[in-house]
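Trainee:
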Amino acid sequence: MKNFFSLSNLEKEYGSIRDLSKKILSGDIRTLSRCITLSESSREDHQFFSRSVLEKVLPMTGKSLRIGISGPPGVGKSTFIETFGTFLVDKGKKIAVLAVDPSSSKSGGSILGDKTRMERLSQSDSAFIRPSPAGETLGGVSRHTREALLLCEASGYDTIIVETVGVGQSEATVSNMIDIFILLISPGGGDELQGIKRGIVELADLIIVNKADGLLRSEAENIAREYNSAVKLLRPKINKWNTRVVTCSALENKGIEEIWSITEEFFKKFDQESDLSAHRKEQFQKWLREEITQNLNKQIYSDKKINDLITIYEKKVLIGEVLPSAAAYEIVKNFLKK
Amino acid sequence: MFNDNNDIFILLRNSSIERKIMVGISKKLFEEWKELAQRELKGKDLENHYWITPEEIKVKPLYTKEDLKDLANQLENLPGLEPFMRGPRATMYTNKPWTIRQYAGFSTAEDSNEFYKKCLENGQTGLSVAFDLATHRGYDSDHPRVSGDVGKAGVAIDSVEDMKILFNQIPLDKMSVSMTMNGAVLPVLAGYIVAAEEQGVPQKLLSGTIQNDILKEFMVRNTYIYPPKESMRIVSDIISFTSKNMPLYNSISISGYHMQEAGSTLTQELAYTLADGIEYVRAALEAGLEIDEFAPRLSFFFCTGMNFFMEVAKLRAARFIWANLMKQFNPKDPRSLSLRTHCQTSGVSLTSQDPHNNIIRTAYEALAAVLGGTQSLHTNAFDEALALPSKLSSRIARNTQLILSEETGVKEVIDPLAGSYYVESLTNQVIEKTLSLIEEVEEMGGMTVAVSKGFTKIKIEESAAKRQARVDKNEEVIVGVNKYVNKNLNEEIDLLVVDNKKVISEQIQKLNKIKKERDNNAVNTSIEKLRNGAKNKGNLLELSIEAIRSRATVGEISKALEDVFSRHKAVSQSITGVYGSAFSEDTLFNEAQNKVKNFAKKEGRQPRILVAKLGQDGHDRGAKIIATAFADIGFDVDIGPLFATPEETSKQAIENDVHVVGISSQAAGHKTLVPELIKSLTENGGEKIIVVVGGIVPPGDIEDLKKAGVSAIFGPGTPITNSANQVIDILLKKNLLS
Numbered sequence: 001m002k003n004f005f006s007l008s009n010l011e012k013e014y015g016s017i018r019d020l021s022k023k024i025l026s027g028d029i030r031t032l033s034r035c036i037t038l039s040e041s042s043r044e045d046h047q048f049f050s051r052s053v054l055e056k057v058l059p060m061t062g063k064s065l066r067i068g069i070s071g072p073p074g075v076g077k078s079t080f081i082e083t084f085g086t087f088l089v090d091k092g093k094k095i096a097v098l099a100v101d102p103s104s105s106k107s108g109g110s111i112l113g114d115k116t117r118m119e120r121l122s123q124s125d126s127a128f129i130r131p132s133p134a135g136e137t138l139g140g141v142s143r144h145t146r147e148a149l150l151l152c153e154a155s156g157y158d159t160i161i162v163e164t165v166g167v168g169q170s171e172a173t174v175s176n177m178i179d180i181f182i183l184l185i186s187p188g189g190g191d192e193l194q195g196i197k198r199g200i201v202e203l204a205d206l207i208i209v210n211k212a213d214g215l216l217r218s219e220a221e222n223i224a225r226e227y228n229s230a231v232k233l234l235r236p237k238i239n240k241w242n243t244r245v246v247t248c249s250a251l252e253n254k255g256i257e258e259i260w261s262i263t264e265e266f267f268k269k270f271d272q273e274s275d276l277s278a279h280r281k282e283q284f285q286k287w288l289r290e291e292i293t294q295n296l297n298k299q300i301y302s303d304k305k306i307n308d309l310i311t312i313y314e315k316k317v318l319i320g321e322v323l324p325s326a327a328a329y330e331i332v333k334n335f336l337k338k
Numbered sequence: 001m002f003n004d005n006n007d008i009f010i011l012l013r014n015s016s017i018e019r020k021i022m023v024g025i026s027k028k029l030f031e032e033w034k035e036l037a038q039r040e041l042k043g044k045d046l047e048n049h050y051w052i053t054p055e056e057i058k059v060k061p062l063y064t065k066e067d068l069k070d071l072a073n074q075l076e077n078l079p080g081l082e083p084f085m086r087g088p089r090a091t092m093y094t095n096k097p098w099t100i101r102q103y104a105g106f107s108t109a110e111d112s113n114e115f116y117k118k119c120l121e122n123g124q125t126g127l128s129v130a131f132d133l134a135t136h137r138g139y140d141s142d143h144p145r146v147s148g149d150v151g152k153a154g155v156a157i158d159s160v161e162d163m164k165i166l167f168n169q170i171p172l173d174k175m176s177v178s179m180t181m182n183g184a185v186l187p188v189l190a191g192y193i194v195a196a197e198e199q200g201v202p203q204k205l206l207s208g209t210i211q212n213d214i215l216k217e218f219m220v221r222n223t224y225i226y227p228p229k230e231s232m233r234i235v236s237d238i239i240s241f242t243s244k245n246m247p248l249y250n251s252i253s254i255s256g257y258h259m260q261e262a263g264s265t266l267t268q269e270l271a272y273t274l275a276d277g278i279e280y281v282r283a284a285l286e287a288g289l290e291i292d293e294f295a296p297r298l299s300f301f302f303c304t305g306m307n308f309f310m311e312v313a314k315l316r317a318a319r320f321i322w323a324n325l326m327k328q329f330n331p332k333d334p335r336s337l338s339l340r341t342h343c344q345t346s347g348v349s350l351t352s353q354d355p356h357n358n359i360i361r362t363a364y365e366a367l368a369a370v371l372g373g374t375q376s377l378h379t380n381a382f383d384e385a386l387a388l389p390s391k392l393s394s395r396i397a398r399n400t401q402l403i404l405s406e407e408t409g410v411k412e413v414i415d416p417l418a419g420s421y422y423v424e425s426l427t428n429q430v431i432e433k434t435l436s437l438i439e440e441v442e443e444m445g446g447m448t449v450a451v452s453k454g455f456t457k458i459k460i461e462e463s464a465a466k467r468q469a470r471v472d473k474n475e476e477v478i479v480g481v482n483k484y485v486n487k488n489l490n491e492e493i494d495l496l497v498v499d500n501k502k503v504i505s506e507q508i509q510k511l512n513k514i515k516k517e518r519d520n521n522a523v524n525t526s527i528e529k530l531r532n533g534a535k536n537k538g539n540l541l542e543l544s545i546e547a548i549r550s551r552a553t554v555g556e557i558s559k560a561l562e563d564v565f566s567r568h569k570a571v572s573q574s575i576t577g578v579y580g581s582a583f584s585e586d587t588l589f590n591e592a593q594n595k596v597k598n599f600a601k602k603e604g605r606q607p608r609i610l611v612a613k614l615g616q617d618g619h620d621r622g623a624k625i626i627a628t629a630f631a632d633i634g635f636d637v638d639i640g641p642l643f644a645t646p647e648e649t650s651k652q653a654i655e656n657d658v659h660v661v662g663i664s665s666q667a668a669g670h671k672t673l674v675p676e677l678i679k680s681l682t683e684n685g686g687e688k689i690i691v692v693v694g695g696i697v698p699p700g701d702i703e704d705l706k707k708a709g710v711s712a713i714f715g716p717g718t719p720i721t722n723s724a725n726q727v728i729d730i731l732l733k734k735n736l737l738s
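So the sequences go chain by chain: L and R.
Residue 182 in the working numbering sits at position 182 of the first sequence, with consecutive numbering throughout.
Residue 408 in the working numbering sits at position 408 of the second sequence, with consecutive numbering throughout.
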């Protein structure tokens, strides 16, 4: 690929691409965290630089279990990851947690409080936890997180958890970069089924009803039953895997073993059907297409002349002179002519 | 003229006619006054002249008889009688003045004991022990997590031997002792009981108070150890034990103090405290006690801040509401309805700028507490925004009360502000607001539910962020901070310096000695019994007393219970937008926002700061306000877990790749812990991450911290817009250089 940017300044500041990739492979935390920062940066030279490092270590990626965890706010995702992650660390696993936090205020700033709920896990030397602000664009989340995931794999983490907050579009994106998608829900409220979009339930390979403790236990079990009958209607996402529903109490450390054995079973099935790598290849294809769309989008909207043209057509559309579809056709044609 | 006067005399002599006519006159007069006032305001609307307090109470510029029209219920009260609004005792200070109870603790039991004895000689009438944070959290002084905290914010107590030194030559059968302890409440209370026992004083003669208020710890102060449910069991075990064996002892001090310190409004403080109280009553009833067995021994603890009349009204309202709330439990003993309270002047109202001003603030606050009818009072020392109190500042604080008590005559009349149009009307408004807040909590299912949902904590944090914004915008004046700032001030103040390394080594020596001399088999047996009692239904105070007698340490007892109960982890919630929405055209705020935008453009991301607390200091109000305000300015803010070690904080800073670590320090641990943090950052490749410190930093520490590599230090009262601007300036400068 042609080098559009002068990378020598960046190499001076961060080290050479060769050095950095070596350090990544040796598991140096500082380098890993800085490379993730660079891939999250809105500066194109930063992005290019981090891609160069990532390309160097790409052959060493792909060896982890990629787990996506999502659920509505307040469901106890962080507490679950704390318990689940600590359980895995005790089993000798190396865990990386990538948490995407949407809490961005008007100013562009955000509060990332996740780790306060992962006190024990965050203290472990076998765990790397990186909360990232969602920033402005959804597409951004997708690219940052994919690249961060690959960087973590190259650094030797064998289990990667991608945590997304909320229930929305980002889940679909995330499900395109992980192997198993876990949806967390909690009892309390009653209209859970309506609260979570059907589309997200369809993405889930495993649904966990959390907070099955204390007063909420029986309610949690009821909800699990409801979901169990609901998911029977879903088409299996991969061969022979039917979405499973279990209850757990992350607070009381109950149900974690079962969740892990289901996860293992899931990957075993993947292995037997030998379609894990096919699945991941498909994800890379999708990623490519997504990137093309986003790149085009970005280029069109950052082109001043095209923007002027859009303004002109907008007026025409508003007075009913031109149809939006016809205007879009003309604008894109103009852009391509350039 | 003459005739007119004569008429008035006649009217005054005939009171029944007077009443009729005065009302008529007063309406006419009032209109006249209004017109006159309107004229003096030169066209400005009188309505705009109302003062809206943070409690959302509208205070008018003038109160009249009209305002008392509907308050008959409230006005016809007398002290000592139900509902005790005018005081829990019939004679109040006219018979026995309030107890002067100064809260203090100096590093070691030896130093504290010496200090207590001197205070008692000089007119103090009750003791109040401040423990260090290691003790609060149930760690012995040799535990690796507490190296920065031992002996810092109070006295280190590891065993009954320390307790005995603490009360050496203090007759525990005569002296009432208050102990601020909530987390490690079992071994500490047991230690006090056994120390007394070995002095020859039986349990039934012990008088004093243990704070034992765990619910507010989960809300604001964070010196808990076990999860809420298990903690509530400990509370009711203590209530049950003391109600049977220690009839003169206050088994709990239900505290609003720390809520106001954390930034709550006065009505929030009152409502959440009373709701906590009701929750403890329910827990004790559930444990099988009769209401009159324990309710008379419940006591309260409020903060007295600078909103003078509102503070007086708050205490009157507190007694009125408590009596009415307690009726639901059908007590037979009227004392079960009466609210008795300790008060402490506000620490958060103290400033590090021009610290002598704090003497004056404390004096006004003390007056408010006394006019409100407190049973005992602590007055803060003027240097507490800078360090722990010195001998001089402690003396001035104590004398503030002695002068108030002996020279001003306030003791001579009971509830002297009763009947004031303003104070009565304000009392009524505080009652109304507070009741609606209590209702909100009760509807959620009571305080344990509200606390575990984090509801009240968030409410208080919202109020705190709003207040900070008012101060930073100069809407709320703090003399010497945002108005009348004395720029050339250069006074030397002698502050207390704690050599924490020396304290640790002394404590470890004592621990080793006790562990060598005691019968370890007996210790193991008593600890095992305690563990079993925790699993089953044994009274945990009774079992702790046995363990303490066998010379088990505070840490060992706490650990045994932790094995069964687990150690509680805080769930941290945060808010955004509250601070920022208060600013629209404030220049400093906009300036900071613009600088952040500028930085983000250059750097490719928002500036990222990790706001962290180190050691066992759980006061997270400052950290929370900084977090929300910085996020509103445009920072990405990571919040670190409470009770972190320097190494853990450094790991988080590096993993999250932050530009800045901001350490919030309220309890003096920074001197040891911050240099360790910087060392750990440097060793792990984070040497470019800058470190700033905010909170209570004695001037003497500043030089040391700067030498260790701290880039900036912000004292209490620094407007956040200032600190944010400074931080971003440092970052921009570094950014240009690299």
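Where is the CB? At the ideal position from N, CA and C, for every residue including glycine.
Model, not experiment: these values are computed from the prediction.
Looking at the unbroken beta strand (DSSP E) that takes in residue 70 of chain L, where does it start and where does it end?
Mentor: Element bounds for residue 70 of chain L: 65-71.
Trainee: Based on DSSP bridge pairs, tell me the residues matched to residue 51 of chain R.
Mentor: R:59.
Trainee: Nearest CA to the CA of residue 430 of chain R: which residue from R:526, R:58, R:614?
Mentor: Residue R:58 is the option with its Cα nearest to residue 430 of chain R.
Trainee: In this structure, what does DSSP give as the bridge partners for residue 127 of chain L?
Mentor: Beta-bridge pairing links residue 127 of chain L to L:95.
Trainee: Report, in whole angstroms, the separation of the C-beta atoms of residue 228 of chain R and residue 448 of chain R, which I expect to be a contact under 8 Å.
Mentor: Their Cβ separation, rounded to whole angstroms, is 6 Å, which keeps residue 228 of chain R and residue 448 of chain R in contact under 8 Å.
Trainee: My guess is that residue 739 of chain R and residue 267 of chain R are in contact by the Cβ rule of under 8 Å, so how many angstroms apart are they, rounded?
Mentor: Because chain R is modelled from 1 through 738, residue 739 of chain R falls outside the range shown and cannot be assessed.
Trainee: Report the residues of the stretch 622-644 of chain R with a CB closer than 9 Å to any CB of chain L, ordered along the chain.
Mentor: Result list: 627, 628, 630, 631, 632, 633, 634, 635, 636, 637, 638, 639, 640, 641, 642, 643, 644.
Trainee: Of all the CB atoms in chain L, is at least one closer than 7 Å to the CB of residue 515 of chain R?
Mentor: For residue 515 of chain R, the answer is no, since every Cβ of chain L falls outside 7 Å of its Cβ.
Trainee: Answer yes or no: does any C-beta atom of chain R fall closer than 7 Å to that of residue 108 of chain L?
Mentor: For residue 108 of chain L, the answer is yes, since a Cβ of chain R falls inside 7 Å of its Cβ.
Trainee: With distance defined between alpha-carbon atoms, name the residue in R:278, R:220, R:297 nearest to residue 249 of chain R.
Mentor: Looking at the Cα atoms, R:297 is the closest of the given residues.
Trainee: Do you know how far the Cα of residue 409 of chain R is from the Cα of residue 214 of chain L?
Mentor: The straight-line gap from Cα to Cα measures roughly 56 Å.
Trainee: Does DSSP put residue 340 of chain L in a helix, a strand or coil?
Mentor: Since the first residue of chain L shown is 1 and the last is 338, residue 340 of chain L is not available in this structure.
Trainee: By the criterion of Cβ-Cβ separation under 8 Å, what are the contact partners of residue 46 of chain L in chain R?
Mentor: Here the neighbours are 604.
Trainee: For residue 272 of chain L, does the three-state DSSP call read helix, strand or coil?
Mentor: Reduced to three states, the DSSP call for residue 272 of chain L is helix.
Trainee: Measure the C-alpha to C-alpha separation of residue 266 of chain L and residue 180 of chain L and round it to an integer number of angstroms.
Mentor: Roughly 8 Å separates the two Cα atoms.
Trainee: What is the DSSP secondary structure of residue 328 of chain R, counted as helix, strand or coil?
Mentor: Here residue 328 of chain R sits in helix by DSSP.
Trainee: Quick one: is residue 728 of chain R near chain L, going by C-beta distance under 7 Å?
Mentor: Cβ-Cβ to chain L under 7 Å: no for residue 728 of chain R.
Trainee: Can you tell me where the alpha helix (DSSP H) holding residue 244 of chain L begins and where it ends?
Mentor: Not the alpha helix (DSSP H): residue 244 of chain L falls in the beta strand (DSSP E), residues 244-247.
Trainee: Can you find a C-beta in chain L that's less than 7 Å from the C-beta of residue 654 of chain R?
Mentor: Yes, because at least one Cβ of chain L sits closer than 7 Å to the Cβ of residue 654 of chain R.
Trainee: When the Cα of residue 342 of chain R is compared with those of R:351, R:252, R:352, R:264, which residue comes out closest?
Mentor: For residue 342 of chain R, the nearest C-alpha among the options comes from R:252.
Trainee: With burial defined as no fewer than 16 other Cβ atoms inside 10 Å of the residue's Cβ, what is the status of residue 193 of chain R: buried or exposed?
Mentor: Buried, because 16 or more other Cβ atoms sit within 10 Å of the Cβ of residue 193 of chain R.
Trainee: Could you say which of L:40, L:216, L:322 lies nearest to residue 134 of chain L if we only look at CA atoms?
Mentor: Answer by Cα proximity: L:40.
Trainee: Quick test of your reading: residue 226 of chain L and residue 212 of chain L, contact by CB under 8 Å. State the CB separation rounded to the nearest angstrom.
Mentor: That pair is no contact at about 14 Å.
Trainee: Helix, strand or coil for residue 734 of chain R? Go by DSSP, reduced to three states.
Mentor: Helix, per DSSP.
Trainee: Cα separation between residue 491 of chain R and residue 93 of chain L?
Mentor: Cα to Cα, the separation comes out at about 58 Å.
Trainee: Would you report the Cα separation of residue 634 of chain R and residue 287 of chain L, rounded to the nearest angstrom?
Mentor: Those two C-alpha atoms are separated by around 30 Å.
Trainee: With 16 as the cutoff for other CB atoms within 10 Å, does residue 190 of chain L come out buried or exposed?
Mentor: For residue 190 of chain L, the predicted model reports a pLDDT of 45, less than 50, meaning its position is unreliable and no value from the coordinates is stated.
Trainee: How should residue 122 of chain L be labelled, buried or exposed, when 16 other C-beta atoms within 10 angstroms of its C-beta is the threshold for buried?
Mentor: Buried, because 16 or more other Cβ atoms sit within 10 Å of the Cβ of residue 122 of chain L.
Trainee: Got a sec? Which residues, its chain only, sit under 8 Å from residue 473 of chain R by beta carbon, not counting five neighbours each side?
Mentor: Closer than 8 Å at Cβ, skipping near neighbours: 582, 583, 586.
Trainee: Rounded to the nearest angstrom, how far is the Cβ of residue 658 of chain R from that of residue 649 of chain R, given a contact under 8 Å?
Mentor: The pair is not a contact, with the Cβ atoms about 10 Å apart (cut-off 8 Å).
Trainee: Three or more C-beta pairs closer than 8 Å, one from the stretch 68-76 of chain R and one from the stretch 377-391 of chain R: is that the case here?
Mentor: Judged by Cβ distances under 8 Å, the stretch 68-76 of chain R makes no contact with the stretch 377-391 of chain R, as fewer than three pairs qualify.
Trainee: Can you give the Cα-Cα distance for residue 476 of chain R and residue 313 of chain L, rounded to whole angstroms?
Mentor: Cα to Cα, the separation comes out at about 52 Å.
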